[in-house]
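S.K.: Read top to bottom, the protein sequences are chains B and P. The C-terminal position of the first sequence is numbered 250 in this note's numbering, with every residue numbered one higher than the one before it. The C-terminal position of the second sequence is numbered 501 in this note's numbering, with every residue numbered one higher than the one before it. C-beta: ideal position from N, C-alpha, C; glycine also. Nothing here was measured: the structure is a model prediction, and the numbers come from that model. I have a structure I would like to understand better, so I am pasting it below and will then ask my questions one at a time.
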Amino acid sequence: MDLTLRIWRQPRHDTPGDFVSYQVTGVPEEASFLEMLDLLNEQLSERGEEPVVFESDCREGICGTCGLMIDGRPHGPWGNTATCQLHMRAYADGDEITIEPWRATGFPVIKDLAVDRSAFDRIIEAGGYISTPTGAAPDANLIPVDKATADRAFEAAACIGCGACVAACPNGAAQLFAGAKVAQLNMLPQGQPERYQRAANVVDTMEAFFGSCTNHGECQAACPKDISIDFIAWLNRDYRKAKLSGRQAG
Amino acid sequence: MTTSSTPPSRPVGNQQPPKIERRGNVLTELYRSALGKKYLMAISGIVLMAYVLIHMIGNWKLFEGEASLNEYAIWLRELGEPLIPEYGAIWATRVILILAFGVHIIAAAQLTRMNQLARGSGRYAERHYAAVDFAGRTMRWTGVIVGLFVVFHLADLTWGVQWVNPQWEYLEVYDNVVASFANPVSAGIYILANAALGLHLYHGAWSLFQSMGWNSPRFNHWRRWFAIGFAVLIAVGNISMPVAVQVGLVG
């Protein structure tokens, strides 16, 4: 199929950008969205034009590197899929597709469709881990976790950190990401010793980069891993307890 | 939250947060965070919800006639006597309401500013919202409408400002209310403002559970129904009074 792409082109993070229209020809419907962009870049290179910068890594929906605002929907029209899992059979010959980078103050554009998501790394550094003594690996199932809790924690742990929640949020807030990263540890026994310190540090770091939640639920709708805003309530509860009970340290 | 006010100068590729400083007592420390402001918005919202409910139920005495409503007004004035002086309960309520309104509005304004900065100047050329409803999107507008309405409502029935309610007389509660609701413009303002309040409550009465972190599989499915029920009760219950006067059931 042949498509018209309206793509955001921005040479540098500190220069203004604009949309440029491109024709891409001969796109097979089995191609993924990213393979379609690869094809476009090949055709641009053959014509001696500058290829479009976009990010990708695993291309199987587990790394969180790819992420584009496609026709006003994060990760495109399919539910619960990352951009790499969106396939061109979602489109028909002659379609026009608008492709934009994530837009939020916490995610400045690096170039074209690539944004700087290092603010997420700062949030993880603030509390997205557990401090464990090193040594031999503990036996499996040494610490019992009931099935319901394990399943719920796993739902939170499915977060791939793609940033669609921030991109979808009318406030540029990262509360779904932060909530998932806190809940996946705070729900489990291993996360308990640093539970409240984690909640306080993650939220205070998050708020240095991102906006605040107005409970609209756009993040949940955009999330390729279908992560629930229940985890935002989890974060809110643990932060409240951390602050009011003085259980946070440092 | 002064940190997000200078976004563009950050080096791209390796953003660093400002050092987290924790100082002051628990409450000032909590208020500096956006989540702390959200807790206060929820708590002040609960206070205002409780008031609006009691206010409405009390004023339904309008349907019982002049004597009932005027006696209720005197009862409120003398509530708690002789333990509390005359007007004591009314003024205590007023102080609480002024505080709750102040906190709710100031926190909302600060959070709005923070969110505008966090969203940044870049706008999507195309954006299809998938989840947010009309009530959620219009919270700031319905909030402003209700805030302005409260000023009108006080001028109309508490202060008796001449050009708002020319027939107003001190302690003639029933006559004042009927005079106001008999005026189609005034009745229209009451009806529209309470419709806006209903929308505000539809989002707010659900949203407060999320903000406070009151989330459990045991009661989550009740939260939406609570918000719908409360919003409809308040909107319909309040709107029924000017409508009753307009159609001639009361007055």
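With C-beta atoms as the reference, is alanine 357(P) less than 7 Å away from methionine 291(P)?
M.R.: Result yes, Cβ atoms of alanine 357(P) and methionine 291(P) sit closer than 7 Å.
S.K.: Which residues mark the beginning and the end of the beta strand (DSSP E) in which lysine 287(P) is found?
M.R.: Note, lysine 287(P): premise wrong, no beta strand (DSSP E); alpha helix (DSSP H) at 284-309.
S.K.: Between the alpha carbons of tryptophan 341(P) and glycine 372(P), how many angstroms are there, rounded?
M.R.: The straight-line gap from Cα to Cα measures roughly 48 Å.
S.K.: Check each residue of the segment 96-112 of chain B: if its Cβ is closer than 7 Å to any Cβ of chain P, include it; give the result in chain order.
M.R.: Within the segment 96-112 of chain B, the residues whose Cβ lies closer than 7 Å to some Cβ of chain P are Thr98, Glu100, Arg103, Ala104, Thr105, Gly106, Pro108, Ile110, listed in chain order.
S.K.: So is arginine 273(P) in contact with chain B if we call contact Cβ pairs under 7 Å?
M.R.: It does not: the Cβ of arginine 273(P) has no partner Cβ on chain B nearer than 7 Å.
S.K.: Distance check for tyrosine 301(P) and glycine 308(P), CA to CA, integer angstroms please.
M.R.: Using only the alpha carbons, I get a separation of about 10 Å.
S.K.: Would you kindly work out how many angstroms separate the C-alpha atoms of leucine 68(B) and alanine 156(B), rounded to a whole number?
M.R.: Whole-angstrom Cα-Cα distance: 22 Å.
S.K.: Return the residue from the list Asn465(P), Tyr452(P), Ile395(P), Phe459(P) that minimises the CA-CA distance to leucine 479(P).
M.R.: Note that residue 479(P) is glycine in the sequence shown here, rather than leucine. Cα-wise, what sits closest to glycine 479(P) is Tyr452(P).
S.K.: Are the beta-carbon atoms of asparagine 426(P) and leucine 407(P) separated by less than 7 Å?
M.R.: Cβ atoms of asparagine 426(P) and leucine 407(P): closer than 7 Å.
S.K.: State the Cα-Cα distance for the pair arginine 73(B) and asparagine 275(P), rounded to the nearest angstrom.
M.R.: Cα-Cα distance, rounded: 43 Å.
S.K.: Asparagine 41(B) touches chain P at which residues, Cβ-Cβ below 8 Å?
M.R.: Those within 8 Å of asparagine 41(B) in chain P number zero; the least Cβ separation is about 21 Å.
S.K.: Hey, is glycine 161(B)'s beta-carbon within less than 7 Å of any beta-carbon in chain P?
M.R.: Cβ-Cβ to chain P under 7 Å: no for glycine 161(B).
S.K.: How would you label isoleucine 439(P), buried or exposed, when you count the other beta carbons within 10 angstroms and need 16 or more for buried?
M.R.: By the neighbour-count rule (16 or more Cβ atoms within 10 Å), isoleucine 439(P) is buried.
S.K.: So, using beta-carbon positions, are aspartate 204(B) and isoleucine 270(P) closer together than 7 Å?
M.R.: Taking 7 Å as the Cβ cut-off, aspartate 204(B) and isoleucine 270(P) qualify as a contacting pair.
S.K.: Is there a Cβ of chain B sitting closer than 7 Å to that of histidine 471(P), yes or no?
M.R.: Judged by the 7 Å Cβ criterion, histidine 471(P) is not in contact with chain B.
S.K.: With 16 as the cutoff for other CB atoms within 10 Å, does alanine 481(P) come out buried or exposed?
M.R.: Buried, by the Cβ-count rule.
S.K.: Would a check of beta-carbon distances place proline 434(P) closer than 7 Å to chain B?
M.R.: No - not a single Cβ of chain B is within 7 Å of the one on proline 434(P).
S.K.: Could you compute how far the alpha carbon of histidine 305(P) sits from the alpha carbon of aspartate 57(B)?
M.R.: Going from the Cα of histidine 305(P) to the Cα of aspartate 57(B) covers about 59 Å.
S.K.: Just how far apart, CA to CA, sit valine 435(P) and glycine 410(P)?
M.R.: Rounded to whole angstroms, valine 435(P) to glycine 410(P) spans 16 Å at the Cα level.
S.K.: When burial is assigned at 16 or more other CB atoms within 10 Å of the CB, is lysine 243(B) buried or exposed?
M.R.: Buried: at least 16 other Cβ atoms inside 10 Å.
S.K.: Excluding sequence positions up to five away, which residues of its chain have a Cβ less than 8 Å from the Cβ of glycine 61(B)?
M.R.: Taken in chain order, the residues that qualify are Thr81, Ala82, Cys84, Gln85, Ile160, Pro224.
S.K.: For my contact list, valine 382(P) and histidine 216(B) are in at a C-beta cut-off of 8 Å; report their separation, rounded to the angstrom.
M.R.: The Cβ separation is near 4 Å, so the contact holds.
S.K.: So threonine 205(B) contacts chain P; which residues on that side make the cut at Cβ distance below 8 Å?
M.R.: Those within 8 Å of threonine 205(B) in chain P are Pro267, Ile270.
S.K.: Quick check on this structure: which residue in Ala284(P), Glu331(P), Gly448(P) has the alpha carbon closest to the alpha carbon of alanine 359(P)?
M.R.: The candidate whose alpha carbon is nearest that of alanine 359(P) is Ala284(P).
S.K.: I need the straight-line Cα distance from alanine 251(B) to leucine 188(B), nearest angstrom please.
M.R.: Outside the shown range of chain B (1 to 250) lies residue 251(B), about which nothing can therefore be said.
S.K.: By DSSP, does phenylalanine 469(P) sit in helix, in strand, or in coil?
M.R.: Three-state result, phenylalanine 469(P): coil.
S.K.: What are the residues in the segment 170-183 of chain B lying within 8 Å of chain P by C-beta distance?
M.R.: The segment 170-183 of chain B vs chain P, Cβ under 8 Å: Pro170, Asn171, Gly172, Ala173.
S.K.: Start and end of the alpha helix (DSSP H) containing tyrosine 239(B)?
M.R.: Run containing tyrosine 239(B): 230-244, per the alpha helix (DSSP H) assignment.
S.K.: Between arginine 282(P) and chain C, is there a C-beta pair that is closer than 7 Å?
M.R.: Included in the structure are the protein chains B and P, with no chain C among them.
S.K.: Helix, strand or coil: how does DSSP classify tryptophan 391(P) here?
M.R.: Tryptophan 391(P): helix per DSSP, three-state reduction.
S.K.: Shorter than 7 Å from the beta carbon of alanine 381(P) to some beta carbon of chain B?
M.R.: Interface residue, yes.
S.K.: Hey, out of Glu49(B), Met36(B), Ala200(B), Thr98(B), whose CA is closest to glycine 179(B)'s CA?
M.R.: The option with the nearest alpha carbon to glycine 179(B) is Ala200(B).
S.K.: Could you name the residues of the segment 215-226 of chain B whose beta carbon sits closer than 8 Å to any beta carbon of chain P, in the order they occur along the chain?
M.R.: Listed by position, the residues of the segment 215-226 of chain B near chain P (Cβ gap below 8 Å) are Asn215, His216, Gly217, Glu218, Gln220, Ala221, Ala222.
S.K.: Within 7 Å of any Cβ in chain P, is that where the Cβ of methionine 256(B) sits?
M.R.: Outside the shown range of chain B, which is 1 to 250, sits residue 256(B), and nothing can be said about it.
S.K.: Report yes if the C-beta distance between threonine 25(B) and glutamate 376(P) is below 7 Å; otherwise report no.
M.R.: No, they are not a contact pair.
S.K.: Once you ignore the five residues that flank isoleucine 124(B) on each side, which residues in its own chain have a CB closer than 7 Å to its CB?
M.R.: Lys181.
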